[in-house]
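Okay, so here's the structure we're looking at.
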Amino acid sequence: MQQIKNLTLYHLRKEKRQYLSFGIILCLTAFIINIALVLVMQMGKAYDDTFTKLNTANINFCIPQIQDSDELKGKIQAVKDVDMIEIKEGILLSATAKDFRGTEFTMNTIFYNINEVSKINQYEMIEESEVVGENVVYLPRYIVEFGEYELGGTITYQINGTDDTFQIAGVLQEMQFGNYGSGLMGVYLSEECYQNMLLEFEENQVSIYAVKTKEGKDSIRVCREINQVLEGEQVSLHYSNTDVQNKQTRTMVSNLVVMILFVFAVIVLAVCLFLSRFRIQNMIQEDMTNLGVLKAMGYTGRTIIQTVVFPYLITGGIAVIAGILLSYTVLGSLVQMLTLQSGFGFKVSFDLLAGFITVVLLLSIVFFTTWSAAGKIKKLQPILAIRGGENGKHSMKNHFPMEKTKGNIQILLILKRVCGQARQNVLLFVVSFMMMGLIAFAGTLFYNVVMKPENFLKTLSEETPDIMIQVGEEEKNQLKNTLAQNQKVSQVLSYGTKTIKLDNDSTTVFICEDFSKVKNNLCYEGKNPENDKEIAMGSAFQEEYKLGDMIEISSHSGVVTYEIVGFIQSVNNSGNVCELTEEGYGRLKKDDAIQSLYVYVKDGVNVEGFMEELEAAHGRQMLQMVNNVKMMKTTSDMYSGIVKIAVTAVLALTTLIIFLILYVIIKSMMVKNRQELGIYKAMGYSGRQLIFQMAGSFLPVIGGASLMSAVLGCIYLPNLNNIIFSMVGAMKNYCEVSLGTLILFALIQTGISFILCIWLALPVRKISAYSLIKDV
Amino acid sequence: MKTKEVIISAKDLKKSFGTGEMKQTIFEHMNLEIYKGDFTILMGSSGAGKSTLLYALSGMDRPDAGTISFCDEDITSYKDDKLALFRRKKCGFVFQQIYLLERMSLMDNVLTAGLLANNNKKEVVNRAKKLFQKVKIPEITWKKFSTQISGGEAQRAGIVRAVIHQPEVLFADEPTGALNSNHSDAVLDVFSELNKEGQSIIMVTHDKKTALRANRVIYLKDGTIFGECDLGTYQEKDELRKKKLDDFLIEMGW
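Top line first, the protein sequences correspond to chains F and X.
The numbering used here applies: residue 1369 is where the first sequence begins, and numbers increase by one.
The numbering used here applies: residue 801 is where the second sequence begins, and numbers increase by one.
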């Protein structure tokens, strides 16, 4: 044991820098994996715990209060697997929050009475302030934190063109309507304030049904059955959601972040293992004579292998634990950012299981890789090792024989070197290839999220006009024609969203006069509807239907049949959407025309200034006007803020890892070639010549691998992006993968490697030929 | 009597290795002159500083102090690149471990040195071929690698590589140290022949038989030149020279 200890320490001391680099890479890998594991293990559980603690309903739906009755309640209660029902009253309004993160933000909002006590869908008051005055509101944390409001401060809502300011008296957490993605925001008013609002908007009073299903029952199926009952009773359904859909939308961004981290960690780990294998094989070659002496002295192959593997395990163990501990320094902030999007908060605690999995996973991989790499030692014959190993192992082909090959001696020597180091070339190729893959992955995400966020936003959002105008049915056509003739307008579309019942489920329908003119084509398969007989379905329906199928949609006027011509995506609604042309929707609901216009301004037009002009000229014709550019920015921040940070961190870590890996490889190659360099120096080759010879010999392999990876990345990265985004419901993504940019990355990687080679080889200039030859 | 031309002149040389308590001075205040056309042997006990002196004189290593004039030029003041240029033009090296470049054929080993000093490939290749023939390496072996030939052949190829560019001085560090007697003689014959043609040679050796090939033997002890012996021109089976060398070495405490 003592001998193993001594030899292990000898290895550690001898190559401390190499172990340090290996340790740093492993530390980073553990750091990333642990973050991802903790998020996977704790976020879902915290979500479920909060869901249970607040006794959140499995199904929530909202109907006009006027249509509610005890009889209806009884029928809902009678639906199979419905366990418990609670009805709460509220006022459903489209409300625009002013100064929401510096802009305006329109949300469908249910205003509750804070004094109405409920058993289901409870809330948790996180912070409260002293109540001053009558207009008092208690906001969900999503609005306060993401909208950048302050407790005790005020929030102004514009409802039906009138501004109303409320004092923010509390911040609460609830799990039914807690974020933008859930499609409805629950806001609580003081008793007095609620009653005042009710007087003003009595026709908007709704009954919110909170339904608890029996343990383990499928809430989506129960929701459909409830919708059937509502349809049978001819009750209008304003809104419905299930716990499954809600969880999906609320944890979407965290899932995206976890996916990115996992993909990154897997690549880094693969590179790290390849590296340790290479290091050990190199070490065996460099230390061949010493290994032979040890064997001659009576050390068994197994003992020697242990002394080779232990330093990696020791370094790996320390690095992995450091990585795990380090991950907790950022997890808190990361969770806080995820809270912004998910609308529910939780505190990260030390996760023993995540840590255990990280340690066991990484160390066992390190162990098996290093042990198998060191296995060669077992078969080594002592005398052969003492003589420096198997002679004649080098390639016996004399590449580019100088006598016959034309060209400069320096170039010839570089070419000879390239051809003569096959094993190193393989490693360098694989590592450069994978590193470039990593850069391409991180760089592409960085480009699409940070530098060109509209791509990311388009992937996750719906139609993106510059201005959205709500207008009365009578004024719509006149205003549309006037706007279309305006010099600053590029086009005006009649576009809007309604809710219909599809497969007994409440489904959002996007209605447009002409889908060929939209800016953000949501269709990822087939085409958009072009006439009144066609429909495009959301991704949620793709399992049930295929292109060409006919679908029957019932309305008050009867059953209408459409042909499915395409599939569209909508992350916010978990794909539970469809598309109809204006005429198509007219077949379904004749008297319910859309009352909104989407205005697209020409390039360079100031949207805000233009809106002021419109307000002055057509204010009377319009019910509401929303600056969608600002709104998009807010929505984009909602999704991209945390992804931006994750992607930026991934890119920064990639750069660091590349430096470390190249350092390890090049350094060990330099050490290995030390004697050869000495011989060259003795012949009269200058330090500069040798440095360029070394660096030049790495260039073709690194450059070739990087370029090949860039080209393959351009082909396969869209698929990887598709997989990542499809996991959060975005079946079609707008992420651009530019071959030019990837080739630029490849050239940068090659350039950095070349500079690094030169930097690492610089000492060759100062070391005398004698030292290079002798100090091997 | 004709005065010999000094090709290397070392003055007040000092060289040490290590730092602090581990510092070991190899030689100090070393003064020495090497003459053109001489076959000079450096002998001495282990650790006397023979190899260190050889590498300092050849510009393979730098002395800590003192000056070395090579053809009247102070090479100790040379920067790294100039020193490399100096070695390229003026020096040739033969090592005990041979140090042929393993990934190259014998011919390419030689051309790697030759083409560095002379761009005329045809001229260099022709000279390489002549030298190979001279050291009795058959053409079939020129394309072989160092791992495929005997030690003696490899060392003779090493000599060809060392003299391909016609250096002023050929430096050899125990070139027969790792060879058996037969191979040793063949290698020494090459050195003798080269010297006969006017090649200046400085060689480190432990071997008396090797030393007999030289016309001048310098004995180092404890970092200083302890003694020197002029053996005159080498001739085979010259008992008088042999006795002279024996007496000298006995006097030196060999």
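The C-beta atom is built at its ideal place from N, Cα and C for all residues, glycine as well.
- Taking 8 Å as the threshold, the shortest C-beta distance from SER905 (chain X) to chain F falls below it.
- Note: PRO1432 (chain F) is bridge-paired with F:VAL1574 in the DSSP secondary-structure output.
- Taking CB atoms only, ALA1398 (chain F) has no neighbour in chain X less than 8 Å away.
- The residues SER1575, in chain order, have a CB closer than 6 Å to that of ASP1436 (chain F) in the same chain once the five nearest residues on each side in sequence are set aside.
- SER1740 (chain F) sits in a helix when the DSSP states are folded into three classes.
- In the structure shown, ALA2098 (chain F) adopts coil according to DSSP, grouped into three states.
- By the 16-neighbour rule on beta-carbons within 10 angstroms, TRP2127 (chain F) is exposed.
- Taking a C-beta distance under 8 Å as the contact criterion, PHE1473 (chain F) and MET2000 (chain F) do not qualify as a contact pair.
- Per DSSP, the beta-bridge partners of GLN1541 (chain F) are F:GLU1492.
- Not a single C-beta of chain X is nearer than 8 Å to the C-beta of LYS1744 (chain F).
- Residues of the segment 1661-1682 of chain F with a C-beta atom less than 9 Å from some C-beta of chain X do not occur.
- No Cβ of chain X is located within less than 8 Å of the beta carbon of GLU1822 (chain F).
- Taken in chain order, the whole beta strand (DSSP E) runs of length 3 or more contained in the segment 2014-2102 of chain F number zero.
- In the three-state reduction of the DSSP assignment, ALA972 (chain X) falls in the strand class, which pools E and B.
- In this chain, the alpha helix (DSSP H) harbouring ASN1614 (chain F) covers 1611-1618.
- Nearest Cα to LEU1781 (chain F) within the set F:SER2065, F:PHE2093, F:GLN1445 and F:VAL2105: F:SER2065.
- Secondary structure at ILE826 (chain X): strand, using DSSP grouped into helix, strand and coil.
- Under the three-state reduction of DSSP, VAL1857 (chain F) is assigned to strand.
- Here GLY1775 (chain F) is exposed, its C-beta having fewer than 16 other C-beta atoms within 10 Å.
- Within the segment 1948-1986 of chain F, the beta strand (DSSP E) runs of at least 3 residues that lie entirely inside it are, in chain order, 1964-1969.
- The beta carbon of PHE1390 (chain F) sits closer than 8 Å to those of CYS1640, LEU1643, SER1644, ARG1647, TYR1680, THR1683, GLY1684, ALA1687 and VAL2032, all from its chain and outside the five residues before and after it, given in chain order.
- With the criterion set as a beta carbon lying under 7 Å from some beta carbon of chain X, the members of the segment 2053-2069 of chain F are TYR2053, SER2054, GLY2055 and ARG2056, in sequence order.
- In its chain, beyond the 5 residues on either side, TYR835 and LYS836 have a beta carbon closer than 7 Å to the beta carbon of GLU805 (chain X).
- Each of F:VAL2079, F:SER1964 and F:ALA1984 was checked against the Cα of ASN1996 (chain F), and the nearest Cα belongs to F:SER1964.
- DSSP places PRO1508 (chain F) inside the beta strand (DSSP E), whose first and last residues are 1504-1508.
- Residue-level contact check: ALA913 (chain X) touches chain F, since one or more beta carbons of chain F fall below 8 Å from its beta carbon.
- If you draw a 10 Å sphere on the C-beta of GLY820 (chain X), you find fewer than 16 other C-beta atoms in it, and that means exposed.
- Nearest CB-CB separation between LYS1784 (chain F) and chain X: below the 8 Å threshold.
- In the structure shown, LYS882 (chain X) falls within a helical segment according to DSSP collapsed to helix, strand and coil.
- With a 10 Å radius around the Cβ and a threshold of 16 neighbouring Cβ atoms, ARG927 (chain X) comes out buried.
- With distances taken between CA atoms, GLU1454 (chain F) lies nearest to F:ASP1438 out of F:ASP1438, F:LEU1460 and F:LYS1448.
- Taking C-beta atoms under 8 Å as the contact rule, SER1710 (chain F) and SER1622 (chain F) qualify, at a distance of about 6 Å.
- In this structure VAL1485 (chain F) does not touch ALA1537 (chain F) by the C-beta definition: roughly 18 Å separates them, more than the 8 Å allowed.
- The beta carbon of ALA810 (chain X) sits closer than 7 Å to the beta carbons of MET830, ASN831, LEU832, LEU857, GLY866 and ILE868 from its chain, once the five residues preceding and following it are set aside; these are given in chain order.
- Nearest to PHE971 (chain X) by alpha-carbon distance, out of X:LYS815, X:ASP812 and X:PHE839, is X:PHE839.
- Beta-bridge partners of MET1918 (chain F) (DSSP): F:GLU1931.
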